[in-house]
């Protein structure tokens, strides 16, 4: 059963495309799901750094949520090289600039928009 789940995650883009209601999802939602799939695959020791690199290079900061960027950081770390290290540093600096810090807490503020509410649980709390 685990192998079936991992195979599903390897083909997540085509699996998303096969869902009739996915045509209503934003690119941010799609790429968040794809990023999370890469993250889960890293937990099962799969090297997904090349896929993570491609996803980031093709979409950049505009089409990737803060959570997606965090998941891509983990995925990129599965294969350390100069290119991945530079990409990790670039994402880290971007995330560091998005944090809202107080004396007691630190949090990020982001939204998937209305379409993401049917796909991923998230909060719009400030």
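Residue numbers (my numbering): 274 to 399.
Glycine included, each C-beta is placed from N, C-alpha and C at the ideal position.
None of the values given here were measured: they were computed from a predicted structure.
According to DSSP, residue 330 shares a beta bridge with no other residue. Between residue 347 and residue 315, the CB-CB gap stays under 7 Å.
With a minimum length of 3 residues, there is no unbroken run of beta strand (DSSP E) contained wholly in the region 281-348. For residue 354, the secondary structure class from DSSP, reduced to helix, strand or coil, is coil.
In the DSSP assignment, residue 377 falls outside any beta strand (DSSP E), carrying neither H nor E. With contacts defined as CB atoms closer than 7 Å, residue 336 and residue 301 qualify as a contacting pair.
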